[in-house]
Each structure stands twice: as C-alpha cells, then as structure tokens.
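Contents: one structure, followed by commentary.
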Amino acid sequence: MTSETDRHTSVSVALVGSGGAGVLTAGQLLLQAAARVGLFGLLTRCVGPQIRGGESAALLRLAGAPVHCMGDSFDAVLALDWNNAERFASEIPLRSDSVVISDAGNGKIPDAMLAAHPVMVELPIAATAAAADGGRGNMVALGILSAMLELPAATVQAVIATALADKGAAAVSAGVASVELGRGLADQAGLRLPVHRDVETNPLRWLLTGNEAAGLGALRGGVRFVAAYPITPATEILEWLAPNLQKIGATLVQAEDELASINMCIGASYAGVPALTATSGPGFSLMLEGLGLAVAAEVPLVVIDVMRGGPSTGIPTKSEQTDLNAAVYGMHGEAPHLVLAPTSIADALFTTQWAVHLAESMQTPAIVLSDQAIGQTTAIINPPANVKFFAERAVMRLPQTDYTRYAITADGVSPVTLPGTPGGQYTADGLEHSPRGTPSSRGEDHALQLDKRLRKIASFNYGVHWADVEGDGAMAVITWGSTTGAVREAVRRLRATGRSVRLIALRLLYPAQPRQMAAALSGVTCAVIVEQSHSGQFHRYLRAHYDLPPEVRLIARPGPLVLRPGELAQRIGNRSQ
Amino acid sequence: MTSETDRHTSVSVALVGSGGAGVLTAGQLLLQAAARVGLFGLLTRCVGPQIRGGESAALLRLAGAPVHCMGDSFDAVLALDWNNAERFASEIPLRSDSVVISDAGNGKIPDAMLAAHPVMVELPIAATAAAADGGRGNMVALGILSAMLELPAATVQAVIATALADKGAAAVSAGVASVELGRGLADQAGLRLPVHRDVETNPLRWLLTGNEAAGLGALRGGVRFVAAYPITPATEILEWLAPNLQKIGATLVQAEDELASINMCIGASYAGVPALTATSGPGFSLMLEGLGLAVAAEVPLVVIDVMRGGPSTGIPTKSEQTDLNAAVYGMHGEAPHLVLAPTSIADALFTTQWAVHLAESMQTPAIVLSDQAIGQTTAIINPPANVKFFAERAVMRLPQTDYTRYAITADGVSPVTLPGTPGGQYTADGLEHSPRGTPSSRGEDHALQLDKRLRKIASFNYGVHWADVEGDGAMAVITWGSTTGAVREAVRRLRATGRSVRLIALRLLYPAQPRQMAAALSGVTCAVIVEQSHSGQFHRYLRAHYDLPPEVRLIARPGPLVLRPGELAQRIGNRSQ
Amino acid sequence: MESPATCPAAKAGDFKSDVKPVWCPGCGDYHVLLSLTKALAALGLRPEQVVVVSGIGCSSRIPAYTNCYGFHGIHGRALPLATGVKVARPELTVICAGGDGDGFSIGGNHFLHACRRNVDLTYIVMDNEVYGMTKGQPSPTTDPCWDSALSPGGTGMSPFHPLVIALASGANFIARAFAGDPNVTAKMIADAITHPGFSFVQILSPCVTFRPDQKGWKDRVRQAPVSETDDPGRAARRLMTDDGFVCGVLYRGHREPYRHMVQTGARGPATDLVETGFRVGS
Amino acid sequence: MESPATCPAAKAGDFKSDVKPVWCPGCGDYHVLLSLTKALAALGLRPEQVVVVSGIGCSSRIPAYTNCYGFHGIHGRALPLATGVKVARPELTVICAGGDGDGFSIGGNHFLHACRRNVDLTYIVMDNEVYGMTKGQPSPTTDPCWDSALSPGGTGMSPFHPLVIALASGANFIARAFAGDPNVTAKMIADAITHPGFSFVQILSPCVTFRPDQKGWKDRVRQAPVSETDDPGRAARRLMTDDGFVCGVLYRGHREPYRHMVQTGARGPATDLVETGFRVGS
Ligand SMILES: Cc1ncc(C[n+]2csc(CCOP(=O)(O)OP(=O)(O)O)c2C)c(N)n1
Ligand SMILES: Cc1ncc(C[n+]2csc(CCOP(=O)(O)OP(=O)(O)O)c2C)c(N)n1
Ligand code: SF4
Ligand code: SF4
Ligand SMILES: [Mg+2]
Ligand SMILES: [Mg+2]
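Residue numbers (the working numbering), protein chains in the order written: chain A, 1 to 577; chain B, 578 to 1154; chain C, 1155 to 1436; chain D, 1437 to 1718.
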C-alpha cells in the first residue's frame, strides 16, 4: 500500500559510480534542471571515507509537491560502475519493478540489489561517451535520466551552460552533446519515469542545502561574528558564511580549535555583536565548558551542531540524532539553556534565525541540533517567508550609578551594558556572583542567580513555534529533527487511508513545554515516539520532562539507515488499527 | 523532636577565625584526639576565596557511633575573631541553648547567629595566649574545646607532640602550655559538652578524607597510572596519590590540561596499565570527548569527578550534586558507560575500588561522582574491610591468527591483546569499525557494535552493590552521594519514632537497574527523592529510567547549604503520617 | 557607545574598583594591578573604553579589581575571549591578563595562535612559576627541582621559554618586566598597548605564599644590556639563552595586525545581497 | 609479553598491513608509510613491539596501514595518548604521527608540552599545509595568501615555525624531511627513534588534491648546508630564518628524558605500605 502512494507522487533515482566518475555533479545538475521546471526534490550524497576516488552515489527524489524525506525505494538506479557499491547498497532499496541501468562489464551488481529482482537494462554508456568529442559518462547518464524524467532538453542545456560557464564554450558543448546522446539512449530503450504533478504552482524555487539554510538563518537573525573550526558535516555552514559575512562587513574567524571558537563567540557577544559557531559531535563536546560559561555569565550565542554518527569520531559522513543528550544535559552544574532543532531543510533557516532571536532575548546560549541528513541534503523548496525574528538584546544604554549587571528581575532578564558605555562597567564572571557580579559563595546569592537563570527561559513565551502540531485522533506520533520528514509523510499517507493520527514535531527541545504538550496530547491514549538513535534518547528525554499517555511505543533506529515513510506508516498504522 | 535525638548522640562544635588564626589546624587536632579515644566524627572546613587570610571555620561533629553527616545545629561555637564570619553564618545554625564563646571585642557576631539567642560566653582567649611563652589563640581554643568535650589532657598532648614534632620541642611545649591554659578557662567557666557513647567498641580507628579514601580505593583496585591536572576540590586525591604511587613503582603525570590527562589515561590503559584521573566539573567537561573515545575504542579507565557548585567555575569550595546530568548524558553519540557514586566518605574507598574492577571487567570508562562534602571532609571511621575487587581485564595472551579485536561475543566483552603480544596487533579506533577494528560506515557494523557496547554493561551482574537498600514500609526515600548521610540519619530517627521508611541509596547510577529497583520498591506507594540540586537532576534521571510509585515527592536544594537530618526527618515524616 | 569627549582625563586611581582583592598580603599581583592602572591613565584612556579579560587563577582575578569592563572567563581561555572582543569591536582597548598556568599550561595552544593571529591586543602574564590558586603545583615555568606534593622531588622537566615561543609564533611585541618595579612596568604595558598587533608582556610576579623563595627575585632582575631588536633571528638567539631575568622590550616587530575585523556598519538587517545565490534560474 | 627472540628479522613489508589506504592516488603520505616501515625494519624491531598512535586527518589514518599495534585516537590528542602508552610501558617503541592541523592547530598545546616533558618517543608530522580530510582549509603552516572557501583571499597570517617551537619547548631531536625521498626519510625516522627523549620529525608530504601546487616541492627541498648542532641558541637562529625547505637533522640535544615511568613490578596488589598513614595513633 504505502509504496504505491509513494510511487504516484514522486520519483526516486540513484546515480552510482566511483569517486572520480562525476555522479555527484550529474545528480546536482539533474536537480537544478528539475528546479527550473518547478518540480520539488531532494538530493543526498552518499560517499565513502576516501577524499578522492572511492565509491559514491547521488540519491534523488523528485516530486510535484514539496518533499521532506527520501522515498521508500528507488524507481531507477543508474551505475557508471559498481566499485565498492555494496558498501551502501542497503541505502538504495529496490523493488521488482525498479529499473537498474548499467553498462555491460562495469563491475559486480551488489547482491542486496539483485535480491529485489529488479528490471535489468544494459546501455552502452561508456562507449557512447567515448565516441563523443570530450564526452563524459556522467553527462551521458544525465541525458538518460533527464529524458526518462521528461525534463526538457533546453532546460538541461541551460543548466549545463551555467554550470560549465567558467570551463569555456568547448566544455559546455561537449557536455551538451553527451547529454543529447544519453537522451537518445533512453528514448531508444523506451525508458520513461515522468514525475506526476498535482497542481501547477508558481514555479519560483530556491535550491539549497540545510547547511546553507542555517547560514542564511544566522545572517537574517543578525549574526555578525562567527568563529569556528572545520568539521564534517558542518563545514559547509562555515564555507557559506565566510564570503557572505565578508560581503556585509562582518567576519568569520577560523579558530585553532573548538575551545577557542566557543570562547571567541562569547567574547564577541559580550562586546555586543551577535555570534555563532557551527560544529559536529566531537567539536560540540569540546564546547561544553565554554557553553557553561555563557550560561553563568549570561552571554547569548548560538551553536549549531550538525549531528553525525557517534560516539566519538563515529561515522562523520552519516546522519544520526544522538547528540540530544549532550545538548540538553551535557554541561556540568545547573546550566539552563535553549535547545532547538529544525524539522526540515527549509526549517533550518527559520529555526536558526529564531535561535538567534531567542538567545539574544534571554541572554543565554542556544544550541541548534541539525544533522547530516538536513545539512548535506540539497532541496528544491518554495522561497522561504521573510520572518521578523532579529537579535534584540535588552541593552542598557544610559546606566544609573551602581549598575547591577545581574539584577534580579521579574522575567529573569537583566539589562546589559556594552563595553564603551560610560558608567556601565562590570565584570562578567563564570564564578557564582552577587547581583552586582562580584564573586560570591553564599547560598543566598547562588539560589537567587540559579532561580533567575532558570526563570528567564522557563517563563518566556515561545508562542506556537515550540512544535509543529498537526491533526487529531487518539494516537500521536512524537518526533523531532530530520526524522520529521519521513514521519510527516507517513502520517499523511495514513490520513489518506482514513486514519486519524496526530503529529507532534518538537522544534524547541529545551526547556520543556509541559502545558503546550498537555494541550497537544489531550485525548491521546497512545504515543509513538520516532527517532534515529540506538538507546531512545528522545524517548527518555520525553519521559523525564513530560507526562506521556498511558501507552507509549518507541520506533528507534541508529544511523546511517534512514527511517522510510512506508515503513513508518506501516508500523504506526499497525498500532492505530 | 529531631534535634533532641541528635543532641543526645553527638556533639557539634564550630571553630571560627580568619585565615591566619589557625582554626583549621586546631579543628584537625581536636578530631585526632577524639579518634584516639575511640570516638567517631567528622570535620568539614569552611573557607572563603582567599588563598591566605580571609574567613575560615572548622565544623566538627563528634559521636560515640559512626556519623555520616553534619548535625542539625551546633552545640557550641568558639570564635578567635569574627572577621567576615557573616559570609558563612548560615552554615552554622544555632539553638537557644547553643553556647557561643568568644573574646570581648574581637569583632561583630553575625546577626544570623544572634537571632537564635544563644548563650553568650566571653573568655579572654587572646590575653591568655599572649601571656604564655609562644602561646597561640588556636591552641588555647583547642584546650577549651577539648576540656568541654572531656577529651583527656594526655591524649591532646600526644596529638600535639606528633603534629608539631618537626617544629621542635619548644613548639610542642608552647602548644601544650596553651592547651593547658585553655582547659583551665573551660574548667573555670564550667563549660561541659561531653560526647555520649552507646557502647564501647574496639577503639581502632582510621582518620581520612573522602579524597584520600578514593585514592586508596584506586590503589587497591589496581590503578598504577594516573594523569591529571589540579583542580579544587579534587587536588588532594592527586596529592595523596602522587607519593604513594611513587612508593610502589607506579606514576602520576601532571598533564598540561584535562584533554591531555584523559587521553594519557586512555593510552596507558590501552597499553595494559589500569589508569585513573580525578577532576571537578570544569575539568570533567573537558574530558567528555576523550571519554567518548574510551567508550568507542573500549578502553577501561576511571574518572573521579569531585563535584562542586556549578555551573561553570561556580563555587569551587562548596559541594553540590549537579554533575549528574553531565556524567550520565554528557558524551555525544550513543556512549554507554558506567557512573557510580560513593554514599559516604568510607564508601569512597569501596566505590572507587569497585569502579576500577567494573571498568576493567567491561573495558569501558567508569565515572565516580564524589563531591566536595565527601572529598574534603575528614572522618573518623572503623577500619575499612579488605574487599577483593581488583582490575582483571579479559586479556588474550596467545591470539589466534586473524585476531578480531571487537569480536561480537555473548556478553559483549571482547578479549583484548596488549601491545607486545605477537600476533595480536590491531588498531584501536574511535571511528565506527568492523569487528576487526577497520573503520566502517556500514549500518550493519554500526548496529553490531552499538549493541555490543550496550550489552556488555546492561547484562553485567552487579550483585547487591548497585544500591544500599534498607528497611520496609510503603514509603521509600531515594537518594545518592553525600546526601545519603543525612537521609540515613533522618530515616533512622523516623524509625526510632516507630515509622517504617525504606532507604534506597544508589551506588550504581548508570546503567539503570530496573529489575532491582522494582524489587526494592515493591509495595511502595510513595517515593521521596532527596538531592542537592536546583532542578532535580536525579529526579528527572529516575523518571527517565525507572518506573516510580504513583506518588513522587522531591526534596532538592542546591549547594552550598546542606540538607540536615532533622529537617529531612521532618519533611519526610510529614509525608509518611 | 558615546564617549564623553569633554570628561577630564582619568587618573590611575580612576581605573581601580572598590572590590577587595583576594590576594595574599605581599603578592606581586598588587603591583601588576598598580602598573596596569598607571599605564591606562598615562595613555589618556577612559575606563569604559578598556576591556580586561582573564582566565582562572589568583592573577586572573584582576579584571574585577579594575574599573574597566571586565570578563573573568574560564581557565586557559582568556585569549580566545579577548580575541572575540577585539575582532567584534576594534575600537576598544583590550587587555588580556592571567597566570603562567592559565596561559602556558592549559592555555598554551591559544597563546601560540594568538601570537600568530596578531590581533591588536596586549597579553600580560603574571608569572610566578606556580599554580597559586590551587595551592602550589608546578607550572610550565617551574624549576625542575622544586619539590611539591604533586611532584615529590621535582618534575625533572626543564622550564620552557614563553618569550621564544611568542617570537616563533609571531607575536609583534615581546617584553619582560618585574612586578616590583611598577613604574618601569607601567611604561612597558603602555608601550605594549600602543604597539600594533599582538603584544606579550611577561611580568615576574612573586607568589609569596607558595614560592617564598621568589622574594629573592628583586636581586636578580636587571634591564636588558643591549638595545631592542626587530630581527627575529637575533631575538630568538638572545631569548633562547637568557636566564629569564633580563627585563625590557626584547622584540618589536612590524607584522601587519589581523585584518578581518567586524565593521561598525555591519549591524543592521542586510541580507538581500547574499540570498540571490539560492534563487533558481536567476 | 614474551618476545620471540628467535624470530627472523622483520622486513619493511612485514610492517605493512593489508588495509587499503583511503589516501588519494599520489598523496605524499604513501611515501611516509613506506619510510616508516623501512625505518622500523632497519632498526630490527618486531611489529608487536611498536605502537603507532595518531589523531584525526588523512595522515592520521596511518596506524591501521602498519602491522604494528595502533591507536587512531581523536583529533589533536595523539601526543597525550602516545605519552600514556610510553610512560605505562617504557619497553615499547612508540611512534606518534599525524597532520599539521592535528598537531599544530588543535593539538598545539600537547605539542608544546610533549616537547617539554621529553618522553622518549618519536613524533612525525606529515605537513601538507592544509586540512586534507575536511577538504581544504588553511592550517597553521599555510601560506597567508592561499585562497580557500573558508578564508577567501587568504588568511593574511604568516605561518608559524613548528621547528622553532619544538626547540623552545625542549624537544631533544628536531629534523625535517621530504616525503619524496623515502630512503633519506627512513634514515631520519630511525635516527629519531634511536635518540633518547622526544624526537620531532616534520615531513613535507604533499596533498595532491587540495594543494596541487605542492608538486613543486621536490624542486625546492635541499639538504641542510651546515652540520648538525646541539646548541639551542644557534639552532634557534638558524631555524627561525630558514625557508622551510632545508632538510636534515637540525638539532640534537642532550636533555634527560622524562623519568617517572611505570615500573614493570608495580602491577600486583601491594598497598599495605600506603595505608598506615590512616591508622590513628599508630
Ligand atoms: C578546566 C579547569 N581546570 C583546572 C582548574 C583549577 N585551577 C584554577 S586556577 C589554576 C591554576 C592557576 O595557576 P596560574 O594561572 O599560574 O595562576 P596563579 O594562581 O598562580 O596566579 C587551576 C589549575 C579550573 N578552574 N578549570
Ligand atoms: C574535535 C574535532 N574537530 C574537528 C574535526 C574535523 N577534522 C578532522 S581531520 C581535520 C583536519 C585534518 O588536518 P591535518 O591534521 O593537517 O591532516 P591531513 O588531513 O591534512 O593529513 C579536522 C579539522 C574532528 N574530527 N574533531
Ligand atoms: S597564593 Fe601566591 S599568587 Fe595567589 S594571591 Fe597568594 S601570593 Fe599571590
Ligand atoms: S586529500 Fe590530500 S592529504 Fe588527504 S589523502 Fe588526498 S592528497 Fe592526501
Ligand atoms: Mg601562577
Ligand atoms: Mg594537513
């Protein structure tokens, strides 16, 4: 049932080949062509540990309406070669009606693929490329797939012209020629895989990765200082930000390590400039001491953790939702702070922007838990709305005498002076302190400051953004982060079969919002918790902080294998009957 | 009611004076004298931020039977001066029949003390000291208190002779003379505060701090390599270990920082030598990345975190139980490991020793959560039993060909080879790996290793040591760490009034032991959770990992103010009626 | 951040706060505080234009004892904090200060990289060859024979050379001073602040409590017998072989300071510029 | 840990494992691997007596490509790991290896302190003046003008001098080699292993993927024109002013190696000795 639904609204194709073969480039061009004709879609890259060479695959899903996750299985796989493809064959599930296109004699097809008994098609890709002047196999493949997908030749040509512009006219015409030959191969073989469109929408689209979306969210939110240390899969946030910050007179400092980057951010933010850093698990671990300082000294900043497989160095190129514990609980002592997570690639923009706003409003660090599946997937989306969240800190511009930096206020937020303001001098401190900021080990001062630091985040009005809540019925699926995409599609499919299921996708993970959750869960008797982890971190977190319905079920799987919508619909649906 | 009970079985006295006055020395000598006559007791030091000078106090509780916490209030306070004493006056609660002894004109008595309307006694301490040749006020004070407590003069003299031995005979006789004069003052004023003894026991006693006990536990457990970086309040573990490791041919390396110390421990342990480090919150935060490596590479080691007030630099000299979250959840990714906590000063020995044994048995890191109240309190205890837990790692001495370092085994523990063993070569790795240890990003390998690393600690038989469980009835008090002392006394007092209350003090905090807990809680309808925190970290942890009784109440207070047994008895008792 | 141009010049005393130091009587750090306030006054700065940033240690307590903006950060991370402040707000005068443990042990990496990055700030290390705050453990500059509880019989490791390391890492101004000469020290700090790029001033500041032997330092310190140099090779050789008691400005370089600073105009919402890249086909 | 004295001598090939490197074709690190195995064979060691420890980076993958005991640790922490191994088991030969990012950026502090501690181990840095594994960001040794996505237009910061820093921090043996000369490099590694205390070998190892310009290195490297020195002052001046392409053993010191090693006899349960201090009155 579920893969049927899937098949009619979207098409999934995989392009496979060893590192140098250029399948990632071809995938990227295919996505661009689809975007130009107003389709929606996703492209994830599947690479091995090698820097160059090694196996790789471009996994695409194209659709007539926005899509937020990869499909259940692939309609077509095109391989330039099969070198080491067995390492990720389990990430490309097939059906018996899937089409596997490859050249004769270009390596051994992985057993996992053959097991599905797909339709095998042999096409002379290499020979065709070799016959053309400057021809390349990946461009032939682009031709085959673009023809199958019924993307207009002119559109593909335009995409190539733009992409290869700086390589010169010869490169462009060679590319175009290869594509034409590829299209011919597809036509000859009668291969067709058109993308169905429900309605015609305004075809204006954006094309970006979650990492780029997060970078833009940071800029829109007002971030003007970034200090960071490169790490997979967060580096693209930094590499997008570096030139763009430069353009607007702001800056990115490449720090010597993550201890430095977090402390540079604290310094810049203390000085009044909204600051951000981005990292992944190992770097995040190194930032925990600094984050505690930001909590204690009440310095706002945003840390984006683009999660990858853990623990330790783990699996740098694969996604997992397992830094939740570290983000919520990782700092020593009582360190209340904010933890947020985007629920989609597009939402990485909104959530990061909101995080900047929240951090600045409450003078506390905010952690944004993105992940590799969001960060390194390229998506075609509708142009994102221009929301108004911007960094607005409670700054005291004309301090009274006896300025009290950590004054006890009703909402817990104490107006801050910025260096340069006469009469506003104070010393920020990670030692416990009196309201004036002088170090104090007195129980009374400690209690006052602990209360205040908790109060400011606990009493804040987060509005409707704490979660995406949709639907009704006695069953609720609770999830977060990149997993939301597949859950959303699963729930949609279940609804299409007449079942009522609620979706609760948390955007604000910490502090907990028990009142809102109670409202969202009212009438719910069974909750299904879905997450990409081994131990069920999210489940334990929910147990600790929320009152859950009498029946709770957990669907958890660690990375790198993603949860697919069909599987989820089935497992959730079984329960809801 | 409760403080009555207290008063009859123990005596609490405080010695107050500014840094140079020597009250900490006098307190230490008083405790030694008490130990020599077979009393039990505790001494905690209360100091300000100053390195030298500044306020200070020695807080003692002496008793005829073992005591595990400070009393409800103080029977006597003796002040050499009152400089800045108001900073910790709230840590020295008084009653109307408490005796406050001080010199005329030696400063302002803190309001918080006067509020109790205690009995005020003026004695010419300074003048008496000045009159004696080489006389010192703190020795006069020692005389006064030792006489009040009815400690034999000869015992006090013997203690002084030992303590001042290396300062020469003149110092000893000056000390003895001052003490005699002080005893005379107490006799003249008719001050008496004898310690009641229930039974005569074998008077063999040990005198040590929790930090020293932990150090000895490490040695008994087999630790032969320590790398660490100094930090309050953990430094004394290191300063005790350094010379004692030297004595037995082992070593302590002072590392450049905590990142280095944890990685040095991993290196030493990988090489086959059981390793340990000790730190406090800020240093612990820096160790989290290294701890994750130890989990992933399966290298055993022990980290003692002597907790202090947090967050950030916090309150270095005061106790708090708020690194629980960081210890249990702080590592990124899925990183199952062990977390233990001693339930008393004496137990710091057992728990550390057991931690070494467990870490080595399961090839995983163990975190021991001690705290300032355990670590820096000196206790008179019964000589500890000699338990047999010793480091015994599953070492493969004659590896087969194709040695598989991370072999999938039934209990999750894979026998390890040590460098030097021919044929056993492998590369330990923090990247996810195949059973052979080769890096792998395959979902199948990840799942196998995640399962294995969890299984080895989840399926281990921890025996009865997971918790101290005592008593019966429908109410259970659940607690951990240094708070256990006060809870234990509160429960004892409640039992003495005929109420039945269970005590569950967890020694193994992670992994959770749901079966054992269910047994311990069988028949319980109400649980009272007691901890020294602001947000109730322990409570949330229990909610996340255990099924608790229908009614749960939380008694939580952050440091530095300790929970006292009388207050606890009352709050728990109210509930149990 | 309006600066009252009409204010009378601030005096050294105006740079002191009313917070009572936790330092032991006789600690060298009192003199460093005095020297710093003198230097700031001599430069005609106002307290609110100056930010004093530190880590953790006795010496690192210094920010709150000034009347400037201050940040008492975490152990070893003073330099990144200070870097963030200066890069974000280049118009401020930024002083980073702390101990030998904070700066050369746990903070050693930031020291290397701050020298190399050459951001225009001044780093003062109050070197007492010991961890004062944690009650007397050896630091990277401690004599190998110094006996202590943590290193019975001494560490056996020769102390390393912070000034040579500063030079090799690219510091633009390198000086050594003695806390006991507050006027000379004040002059040197003022010089360091004025010199563009990263300036490093090692101040020998005795710990009277855990290193009472350091009272003898006053008899060993002396001004450099030769004149200043801007030749790294010559400076390296000289610093590598001195006995650690030669005071003065020992190197003054000409490297260009770090240039990627936040511009004052960067603040408002101005992102249209950067979004076009995402629009398909445009 | 019985070592089969009767085994035939191991050859370079015996030190290679069957794990296929992830390195790009043409990467300099292949040559470093070759040099290392040659050096170990030349010294007559057996694979099981050697531990190769690393951090994270392309270069840091090297342990698993040898047939020795290995530890592929976390980014920047290879030296503390190696220190732990050697101090715990002094009879083992310990090689620490990694990249310029791993060793000089995030690991800079451990580099300083490993030099100073002078534990008898050998540290090999495969310097390609770039972060290879994360796809091309500048490292501490990168040229200030090198353009990259993260530092558009270059960092503007002058590269620092790892060899001078090693010297100032107390390293006992300092050499520079070029990956393209495996025989010379092997000899230098063997020399470094043999020399007591901490030995540091910088190997210029081109990254053909992100720094294709480094293919030109082979024309710039040359052997040191003057002879070895054990004078730190002279060495400092020479290293401070060289162009980074002078190869050879550039300093050979005589400092006593770290001495607080774990004794083989320390293992059994033997704590009675240390418990007496707690017994009251005895
Ligand atoms: C991460 C961390 N590790 C350790 C400590 C404990 N600590 C506080 S100050 C200090 C050393 C201070 O020495 P130094 O910087 O020389 O300052 P001094 O007290 O001598 O002026 C240490 C180890 C800490 N606060 N944080
Ligand atoms: C704590 C942490 N931060 C960042 C990274 C990401 N990272 C992996 S390797 C590397 C740099 C490697 O550069 P280098 O040491 O020069 O090695 P190369 O790849 O050039 O041989 C970085 C930044 C990480 N793994 N861990
Ligand atoms: S301990 Fe030493 S450094 Fe610290 S305040 Fe006292 S004299 Fe100064
Ligand atoms: S990226 Fe560079 S350093 Fe890494 S393997 Fe390729 S050539 Fe070698
Ligand atoms: Mg110091
Ligand atoms: Mg490199």
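Positions of the beta carbon are idealized from the N, C-alpha and C atoms, including for glycine.
query                                                                                                                     : result
Other residues of its chain near L1304(C): CB distance less than 6 Å, five sequence neighbours each side excluded         : Q1291
Spatial neighbours of M578(B) in its chain, beta-carbon cut-off 6 Å, leaving aside the 5 residues before and after        : With a pLDDT of 33 at M578(B), under the threshold of 50, the modelled position of this residue cannot be trusted, and the question is left open.
Per-residue contacts from G1544(D) into chain A (C-beta, under 7 Å)                                                       : E256
Between the CA atoms of S750(B) and K744(B) - distance to the nearest angstrom                                            : 11 Å
In DSSP terms, what T828(B) is bridged to                                                                                 : F802(B)
Coil, strand or helix - S178(A) by DSSP                                                                                   : helix
At least 3 beta-carbon pairs within less than 8 Å: the region 1420 to 1430 of chain C vs the region 247 to 267 of chain A : yes
Own chain, CB closer than 6 Å to V1466(C), minus 5 neighbours either side, in chain order                                 : Because chain C spans 1155 through 1436 in this model, residue 1466(C) falls outside it and cannot be assessed.
Contact list for the region 1299 to 1329 of chain C against chain F, Cβ threshold 9 Å                                     : Reference to chain F is not applicable here, since the protein chains of this structure are A, B, C and D.
Check: N1545(D) C-beta below 7 Å from any heavy atom of ligand 5                                                          : no
According to DSSP, residues forming a beta bridge with G886(B)                                                            : I892(B)
Contact set between Q1659(D) and chain A, taken where Cβ atoms lie within less than 8 Å                                   : Residues of chain A passing the Cβ test: none, with the nearest at roughly 31 Å.
Length at least 3, wholly inside the region 1500 to 1549 of chain D: the beta strand (DSSP E) runs in chain order         : 1505 to 1508, 1529 to 1535
Counted within 10 angstroms of its Cβ, other Cβ atoms place K1192(C) as buried (16 or more) or exposed                    : buried
Within chain B, the residues that R540(A) reaches when beta carbons sit closer than 8 Å                                   : A1121, H1122
C-beta contact flag for A58(A) and A35(A) at 8 Å                                                                          : no
Euclidean distance between Cα positions of E1438(D) and G1493(D)                                                          : Note on E1438(D): pLDDT 41, under 50, position unreliable in the model; the coordinate value appears next. Computed Cα separation, rounded: 34 Å.
Residue environment, Q949(B), which counts as buried when at least 16 other CB atoms sit within 10 Å                      : buried
Environment of K1522(D) [buried if 16+ CB atoms lie within 10 Å]                                                          : buried
Meets three-Cβ-pair contact criterion under 8 Å: the region 354 to 368 of chain A and the region 293 to 312 of chain A    : yes
Alpha carbon of Q609(B) to alpha carbon of A598(B), nearest angstrom                                                      : 19 Å
Cα-Cα separation, L917(B) to A1242(C)                                                                                     : 44 Å
Within-8 Å CB hit, P1693(D) to chain B                                                                                    : no
Interfacial residues, the region 1550 to 1563 of chain D to chain B, with Cβ spacing under 7 Å                            : none
Close beta carbons around E835(B), own chain, < 7 Å, minus the five adjacent residues each side                           : Y806, T856, G860, L863, M864
Distance between R61(A) and R7(A) (C-alpha atoms, nearest Å)                                                              : Confidence in R7(A) is poor, its pLDDT being 47 and thus under 50, which makes the residue's placement unreliable; the coordinate value appears in the next sentence. Taking the straight line from one Cα to the other gives about 11 Å.
Backbone CA spacing between K1452(D) and G53(A) [nearest angstrom]                                                        : 22 Å
T1645(D): CB within 7 Å of a non-hydrogen atom of ligand 4                                                                : yes
Listed by chain order, chain A residues near H1449(C) by CB distance under 9 Å                                            : Nothing about residue 1449(C) can be read from this structure; chain C reaches only from 1155 to 1436.
Interface flag, Q1650(D) vs chain A, CB-CB below 8 Å                                                                      : no
For V100(A) and V77(A), believed in contact at Cβ under 8 Å, the rounded distance                                         : 5 Å
Nearest candidate by alpha-carbon position, reference I1629(D), set V1555(D), L1470(D), D1465(D), L1548(D)                : V1555(D)
Helix, strand or coil at T579(B) according to DSSP, with G and I counted as helix                                         : Since pLDDT at T579(B) reaches only 36, below the 50 mark, its modelled position is unreliable, and no value is offered.
Contact check, A956(B) vs A1067(B), beta carbons under 8 Å                                                                : no
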